[in-house]
Amino acid sequence: SQQGEEDPQALSIQEGENATMNCSYKTSINNLQWYRQNSGRGLVHLILIRSNEREKHSGRLRVTLDTSKKSSSLLITASRAADTASYFCATDAKGGGNKLTFGTGTQLKVEL
Amino acid sequence: DSGVTQTPKHLITATGQRVTLRCSPRSGDLSVYWYQQSLDQGLQFLIQYYNGEERAKGNILERFSAQQFPDLHSELNLSSLELGDSALYFCASSPSGTSAGGEQYFGPGTRLTVT
Chain A
8 SQQGEEDPQA
18 LSIQEGENAT
28 MNCSYKTSIN
38 NLQWYRQNSG
48 RGLVHLILIR
58 SNEREKHSGR
68 LRVTLDTSKK
78 SSSLLITASR
88 AADTASYFCA
98 TDAKGGGNKL
108 TFGTGTQLKV
118 EL
Chain B
114 DSGVTQTPKH
124 LITATGQRVT
134 LRCSPRSGDL
144 SVYWYQQSLD
154 QGLQFLIQYY
164 NGEERAKGNI
174 LERFSAQQFP
184 DLHSELNLSS
194 LELGDSALYF
204 CASSPSGTSA
214 GGEQYFGPGT
224 RLTVT
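Going down the list, the protein sequences come from chains A and B. This note's numbering applies: residue 8 is where the first sequence begins, and numbers increase by one. This note's numbering applies: residue 114 is where the second sequence begins, and numbers increase by one.
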């Protein structure tokens, strides 16, 4: 079963707006990662945040991590139609080797 | 393009059959991971190999097996197929296989349909 839960399950916004997705997980982690998947295709790595980091930026992406609440959020600023995809958080649990446990995903639709 | 290749792209087969999915990792990556994505179970880790040896096992059925060869490519064998095995199977690779972690590079997947 999946460790992470993501919220919302689906999100529809207008181009130019910001999109925020949240992820909760259950165990102690080495790091948390966010991936994007376009319509049944392969996953693309977006950003990785380590357990000792609280915030990280990459281009229009901002990720926060709160290990005390076991939660993370992904913010996409100034969204574009090309950002339409499913977004997954994935955790690399402490003592779990390097395997990733994925959340349920958020389907983002950015409309023109 | 992640540099990870998977063949075939699509596979349609009947219940009870056996199939082999193939994965070539990025050049230089020693770890290969297999994941299954289905509508009801979501994305699930199956198994990891590091430099030819099994490193971690997840929710992999006994009917499924995998191996990593000396040239680091990997194969996932699925036997006695059932309708519920229909899913997207992804392979991913990474340079290391330790708990230090790091991003994984995913292939385009093999879509398996069992009829």
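Heads up, the beta-carbon is just placed ideally off N, CA and C, and yes, glycines get one too.
Proximity below 9 Å, CB of residue i to CB of residue j
{"i": "residue 140 of chain B", "j": "residue 155 of chain B", "result": "no"}
{"i": "residue 201 of chain B", "j": "residue 174 of chain B", "result": "no"}
{"i": "residue 115 of chain A", "j": "residue 90 of chain A", "result": "yes"}
{"i": "residue 176 of chain B", "j": "residue 187 of chain B", "result": "no"}
Beta-carbon contacts of residue i that lie in its chain and below 7 Å, excluding the five residues immediately before and after
{"i": "residue 8 of chain A", "result": "With a pLDDT of only 45 at residue 8 of chain A, under 50, the local geometry of the prediction cannot be trusted, and the value read off the model is given with reservation. Once the five neighbours on either side are set aside, residue 8 of chain A has no close Cβ partner at all."}
{"i": "residue 157 of chain B", "result": "148, 149, 171, 172"}
{"i": "residue 44 of chain A", "result": "50, 92, 93, 95"}
{"i": "residue 77 of chain A", "result": "31, 32, 33"}
Environment of residue i [buried if 16+ CB atoms lie within 10 Å]
{"i": "residue 101 of chain A", "result": "exposed"}
{"i": "residue 86 of chain A", "result": "buried"}
{"i": "residue 104 of chain A", "result": "buried"}
{"i": "residue 182 of chain B", "result": "exposed"}
{"i": "residue 132 of chain A", "result": "Since the first residue shown for chain A is 8 and the last is 119, residue 132 of chain A is missing from the structure and cannot be characterised."}
{"i": "residue 125 of chain B", "result": "exposed"}
{"i": "residue 197 of chain B", "result": "exposed"}
{"i": "residue 152 of chain B", "result": "exposed"}
{"i": "residue 38 of chain A", "result": "buried"}
{"i": "residue 206 of chain B", "result": "buried"}
{"i": "residue 228 of chain B", "result": "exposed"}
Local conformation of residue i per DSSP, three classes
{"i": "residue 184 of chain B", "result": "coil"}
{"i": "residue 85 of chain A", "result": "coil"}
{"i": "residue 198 of chain B", "result": "helix"}
{"i": "residue 14 of chain A", "result": "strand"}
{"i": "residue 90 of chain A", "result": "helix"}
{"i": "residue 155 of chain B", "result": "strand"}
{"i": "residue 164 of chain B", "result": "coil"}
Beta-carbon proximity list for residue i, same chain, < 6 Å, skipping 5 on both sides
{"i": "residue 30 of chain A", "result": "11, 13, 79, 96, 110"}
{"i": "residue 84 of chain A", "result": "25, 67"}
{"i": "residue 71 of chain A", "result": "62, 80"}
Margin query: Residues of the segment 20-37 of chain A in Cβ contact with chain E at a cutoff of 7 Å, in chain order, please.
Written below: No chain E is part of this structure, whose protein chains are labelled A and B.
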